[in-house]
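Student: Counted from 1, the sequence shown has number 23 at position 43 by this note's numbering; the numbering is strictly sequential.
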Amino acid sequence: MSKTSKKSNTNNILPMDHTPLAATINLIGGKYKSLILWKLTNGLLRFSELRREIPCATPKMLTQQLRELETDGLINRKVYPVVPPKVEYSLTTLGKSLKPVLDTMYIWGTDYLSNKGIENKNTL
């Protein structure tokens, strides 16, 4: 996908994958998308704050995932005309509608880690 293209990820779903689960996975199944959405459930964050919250994501990958989430209508991006640049991200109404899904994923993951004897290192 070129930088000038604003193609939605939902356009990439094959006809045989037009199922609710495939649509959901297509939108939030990127490497860091679920983590980004989860972090934004508590309110808006600047790019630098997201980088601190998701340190395993390179700036390039984080930017790519944010662009895709924005294109798909799950997050808002607000740019302030200041130097240095200030960019804030927040969930759209559609993005907020994923909170129950993310909550369920968090609970499932907590149980999974507990059953495996792995310490949960995530704080809400």
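Where a beta carbon is used, it is the ideal one built from N, C-alpha and C, also for glycine.
Mind checking whether T4 and V81 have CB atoms under 9 Å apart?
Tutor: As a working note, residue 4 is residue 24 in the sequence shown. As a working note, residue 81 is residue 101 in the sequence shown. Yes, these two residues count as a Cβ contact at 9 Å.
Student: Just to confirm the assignment, what range does the alpha helix (DSSP H) spanning V63 have?
Tutor: Taking the sequence shown and counting its residues from 1, one reaches residue 63 at position 83. Counting along the chain, V63 falls outside any alpha helix (DSSP H), and DSSP gives it neither H nor E.
Student: Closer than 8 Å by C-beta to I55: which residues in its own chain qualify, once you throw out the five before and the five after it? Chain order, please.
Tutor: Residue mapping note: residue 55 aligns to position 75 of the sequence shown, counting from 1. I16, L17, L20, L46, L49, Y69, S70, L71, T72, G75, listed in sequence order.
Student: Between the beta-carbon of M41 and the beta-carbon of K11, is there less than 9 Å?
Tutor: As a first step, residue 41 must be located in the sequence shown, where it is residue number 61. As a first step, residue 11 must be located in the sequence shown, where it is residue number 31. Going by C-beta atoms, M41 is nearer than 9 Å to K11.
Student: Between R26, E99, E33, which has its C-alpha nearest V59's C-alpha?
Tutor: Position 79 of the sequence shown, counted from the first residue, corresponds to residue 59. Nearest C-alpha to V59: R26.
Student: So, L78 versus I34, is the Cβ gap smaller than 9 Å?
Tutor: Working through the sequence shown from its first residue, we reach residue 78 at position 98. Working through the sequence shown from its first residue, we reach residue 34 at position 54. Going by C-beta atoms, L78 is not nearer than 9 Å to I34.
Student: Kindly indicate which three-state DSSP category N22 falls into: helix, strand or coil?
Tutor: Translated into the one-based positions of the sequence shown, residue 22 becomes position 42. The DSSP-derived three-state label of N22 is coil.
Student: Using a Cβ-Cβ cutoff of less than 8 Å, which residues in the same chain neighbour S28 once the five nearest sequence positions on both sides are dropped?
Tutor: Taking the sequence shown and counting its residues from 1, one reaches residue 28 at position 48. Within the same chain, S28 has no close Cβ partners at all.
Student: Where do the ends of the alpha helix (DSSP H) carrying K76 lie?
Tutor: Walking along the sequence shown from the start, residue 76 turns up at place 96. Taken as a continuous stretch (DSSP letters only), the alpha helix (DSSP H) holding K76 covers 73 to 76.
Student: For I55, which residues does DSSP report across the bridge?
Tutor: Along the sequence shown, read from residue 1 onward, the residue named residue 55 stands at position 75. Beta-bridge pairing by DSSP links I55 to L71.
Student: Our contact map puts P39 next to R32 with C-beta atoms below 8 Å; I'd like the distance itself, whole angstroms only.
Tutor: Here residue 39 refers to the residue found at position 59 of the sequence shown. Here residue 32 refers to the residue found at position 52 of the sequence shown. With a Cβ gap of about 12 Å, P39 and R32 do not count as contacting.
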